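Student: The sequence shown begins at 70 in this note's numbering and counts up by one.
If you scroll down you'll find the structure; I have some questions about it.
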Amino acid sequence: MSIEIRNITKCYGRQKALDSVSFSIQKGELAGFLGPNGAGKSTLMKIITGYIQASEGEVLVNDSLVSVTNVGIRKDIGYLPEHNPLYTELYVKEYLEVTAGFYRLKNKKQRVAEMVELTGLGDEQHKKIKALSKGYRQRVGLAQALIHDPSVLILDEPTTGLDPNQLDEIRNLIKEISREKTVMLSTHIMQEVEAICKRVLIIHNGKIVADGGVKELKGGSIKKNREIIVEFDKNIDKRRLRGIKGVASVNFENGRWHIESISKADIRPEIFRFAVDNNLIILGMQEKQLSLENVFQRLTR
């Protein structure tokens with residue numbers, strides 16, 4: 070197991086930023102970490118990396134306890150914070166050599182060359198960091214987080230402020246990296262999570278409110294009812310549809326009926342029976358699927 074979070078609580082005075090958070094991320098897993106501003110995402114990531122200490126609970130990385138005093142564990146962790154702190158007066162290659170020196174790497178020049186190639190910085194390596202675009206600065210940040218070859222990678226909003234092309238490039242780079250490393254990715258971009266993550270954790274008010282696969286969450290594991298979209302061949306009175314067993318509400322939109330159930334029970338068989346009894350032909354019927362954004366909004370509003 071790469072990351073294990075055990076009942077982590079963090080308080081700033083009377084404010085509780087994290088409240089008994091527990092979960093684990095397995096080796097080789099790419100997990101998306103979502104939550105509104107102030108939910109506790111960055112605080113938890115700083116605790117996982119040993120940057121700050123939790124008020125209660127413990128974090129283990131590769132079965133070793135993480136703390137602000139356990140400097141040795143940091144060789145296993147790569148961290149790209151939300152506000153990428155770079156020495157902008159240094160050249161890209163120079164900065165990566167300095168970073169490699171922090172970790173006392175014996176093969177420093179070779180490792181810098183490998184990171185330059187991996188992150189696509191070949192044409193930029195002899196430029197000063199201040200001359201780089203936002204996208205390339207993020208590449209430099211990823212390179213410094215990876216230079217010591219950590220088994221765990223923590224990325225806090227790695228694609229903030231990127232244009233669509235830069236976003237696609239960084240997204241593909243993260244996917245490539247995740248083939249060999251455990252990656253925890255915090256972001257506000259739902260499409261990004263859907264594109265590259267198989268698992269999603271959602272935090273709200275310092276508590277984990279959802280943890281599961283992307284398909285599982287979108288499929289309705291958090292829904293209290295189901296919505297069926299139906300198109301009939303004839304007009305029909307709304308009140309008659311409301312009379313179908315198990316129906317909670319009915320709305321007509323763009324030529325189709327949106328029929329919501331009272332519970333998670335499947336009401337499609339009842340709709341079929343209704344159509345047969347009333348000599349109606351069903352031209353189309355499908356269950357409405359939630360988007361990840363819908364799930365996020367339902368859990369964090």
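Even glycine gets a Cβ: it sits at the ideal position worked out from N, Cα and C.
In this text, all values refer to a predicted model and were calculated from it rather than measured experimentally.
Is DSSP giving G275 helix, strand or coil here?
Tutor: Here G275 sits in coil by DSSP.
Student: Identify every residue that forms a DSSP beta bridge with Y160.
Tutor: Paired residues: K197.
Student: Indicate whether the contact test is met: 3 or more Cβ pairs, each with one atom in the stretch 322-335 and one in the stretch 295-311, closer than 8 Å.
Tutor: As far as the Cβ criterion goes, the stretch 322-335 touches the stretch 295-311, which means the pair count is three or higher.
Student: Can at least three beta-carbon pairs, one atom from the stretch 263-271 and one from the stretch 181-192, be found at a separation below 8 Å?
Tutor: The stretch 263-271, when compared against the stretch 181-192, does not touch it at the 8 Å Cβ threshold.
Student: Could you check the C-alpha separation between K276 and D346 for me, to the nearest Å?
Tutor: Those two C-alpha atoms are separated by around 49 Å.
Student: Considering just the uninterrupted stretch of the alpha helix (DSSP H) at D237, what are its terminal residues?
Tutor: That run of the alpha helix (DSSP H) goes 233-246.
Student: In whole angstroms, what is the alpha-carbon distance linking I239 and K307?
Tutor: Near 49 Å, if we compare the C-alpha coordinates of K307 and I239.
Student: Helix, strand or coil: how does DSSP classify D88 here?
Tutor: Three-state DSSP puts D88 in a strand.
Student: Might you give, ordered along the chain, the residues of its own chain that have their beta carbon closer than 8 Å to the beta carbon of V319, omitting 5 neighbours on each side?
Tutor: Once the five neighbours on either side are set aside, the close Cβ partners of V319 are K307, L310, R311, W326, H327, I328, E329.
Student: Are the Cβ atoms of A86 and G119 separated by less than 8 Å?
Tutor: For A86 and G119, no; Cβs fall outside 8 Å.
Student: Within the continuous alpha helix (DSSP H) that includes T112, where are the two ends?
Tutor: Its alpha helix (DSSP H) spans residues 110-117.
Student: State the CB to CB distance for the pair Q95 and S71, rounded to an integer number of angstroms; the pair is presumed to be in contact (CB under 8 Å).
Tutor: Confirmed, Cβ separation roughly 6 Å.
Student: Alpha carbon to alpha carbon, how far is P150 from L129? Give it in angstroms, no decimals.
Tutor: Between L129 and P150, the C-alpha separation is close to 20 Å.
Student: Name the residue from G97, G101, G107 whose alpha carbon lies nearest to the alpha carbon of N274.
Tutor: Ranking G97, G101, G107 by Cα distance to N274 puts G107 first.
Student: Between which two residues does the alpha helix (DSSP H) containing G204 stretch?
Tutor: Residues 203-215.
Student: Counting C-beta neighbours from all protein chains within 10 Å, is the total for I350 16 or more, i.e. buried, or is it exposed?
Tutor: Burial call: exposed.
Student: Under a Cβ-count criterion, where at least 16 other Cβ atoms within 10 Å of its own Cβ denotes burial, should K79 be classed as buried or exposed?
Tutor: Classification for K79: buried.
Student: Rounded to whole angstroms, what is the Cα-Cα separation between E98 and K197?
Tutor: Going from the Cα of E98 to the Cα of K197 covers about 34 Å.
Student: Roughly how many angstroms lie between the CA atoms of V316 and N348, to the nearest whole one?
Tutor: Roughly 20 Å between the two C-alpha positions.
Student: Buried or exposed for S360, going by 16 or more other Cβ atoms inside 10 Å?
Tutor: Its Cβ having fewer than 16 others within 10 Å, S360 is exposed.
Student: May I have the straight-line CA-CA distance separating V221 from N323, to the nearest angstrom?
Tutor: The straight-line gap from Cα to Cα measures roughly 48 Å.
Student: Buried or exposed: where does V283 fall if 16 or more other Cβ atoms within 10 Å of its Cβ makes it buried?
Tutor: Label assigned to V283: buried.
Student: For L222, write down the residues that DSSP places opposite it in a beta bridge.
Tutor: Per DSSP, G147, V252.
Student: From K203 to L190, what does the alpha carbon distance come to, in whole angstroms?
Tutor: Using only the alpha carbons, I get a separation of about 13 Å.
Student: Return helix, strand or coil for A334, following the three-state DSSP convention.
Tutor: Coil.
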